[in-house]
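Position in the sequence shown counted from 1, then plus 759, gives you the numbering used here.
Just below is one structure, and these are the notes that go with it.
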Amino acid sequence: MILTDFLTTESEIKLSEQTNDLVIYNHWANDRLIDWLVSKPSNLLEIEVASSFAGIKNTLLHIWDVERSWFGHLKQQPVKAFRFEGFDGTLADIIFNIVNQSKLLMEYIGSLSDEELAEECFFSIPYVGDHYVPRYQIIQHIIYHSTYHRGQLTTIGHHVGLHDAPMTDYMFYLLRVKGK
Numbered sequence: 760m761i762l763t764d765f766l767t768t769e770s771e772i773k774l775s776e777q778t779n780d781l782v783i784y785n786h787w788a789n790d791r792l793i794d795w796l797v798s799k800p801s802n803l804l805e806i807e808v809a810s811s812f813a814g815i816k817n818t819l820l821h822i823w824d825v826e827r828s829w830f831g832h833l834k835q836q837p838v839k840a841f842r843f844e845g846f847d848g849t850l851a852d853i854i855f856n857i858v859n860q861s862k863l864l865m866e867y868i869g870s871l872s873d874e875e876l877a878e879e880c881f882f883s884i885p886y887v888g889d890h891y892v893p894r895y896q897i898i899q900h901i902i903y904h905s906t907y908h909r910g911q912l913t914t915i916g917h918h919v920g921l922h923d924a925p926m927t928d929y930m931f932y933l934l935r936v937k938g939k
């Protein structure tokens, strides 16, 4: 038998609390990973390896690009993705902006009410179509996407000789960082 009525009014978590936890975690994890990467020789971050984004630099660019693109949709101010526009910045630009973008996301989401988080946002994806999705689901997608690629960065790091990646798991964050 599955119990579904174990939540009481006192234990219910507001949507804003949950989404704020996620975006704060995402910023913490991006910052922690970037701190680790900038402590390494920059030439290792530029090495191309067989992966979906061919190395650390390109994977970082992808994380930033996806976070900034979805951030635009959350605000209903879409931006062109780098994959369509091109990117000629430096590794330093990417490193600064990936942390800054997650900070902007954290600040924006922190300003939204539960009602605004539940509002549907319009976006269009080529070959998929036009969609309306609640903000909180877009936020979940951003966090899950970035988490996936942070794991990929750890694996790419192993391929270029970096074996001391920091822990960025959500549960580690909840228990050791937020729980302090």
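Heads up, the beta-carbon is just placed ideally off N, CA and C, and yes, glycines get one too.
The continuous beta strand (DSSP E) containing residue 889 extends over residues 888-893.
With 16 or more neighbouring CB atoms inside 10 Å of its own CB, residue 824 falls in the buried class. Residue 912 places its beta carbon less than 7 Å from that of residue 815.
Take the alpha-carbon of residue 840 and the one of residue 773: they are about 32 Å apart. CA-to-CA, the gap between residue 843 and residue 867 works out to about 25 Å. Excluding its 5 nearest sequence neighbours in each direction, residue 793 has C-beta neighbours in its own chain below 7 Å: 854, 857 and 858, listed in chain order.
In the structure shown, residue 810 falls within a coil segment according to DSSP collapsed to helix, strand and coil. For residue 884, the pairing in a beta bridge is given by DSSP as 888. Distance from the CA of residue 923 to the CA of residue 889, rounded to the nearest whole angstrom, comes to 42 Å.
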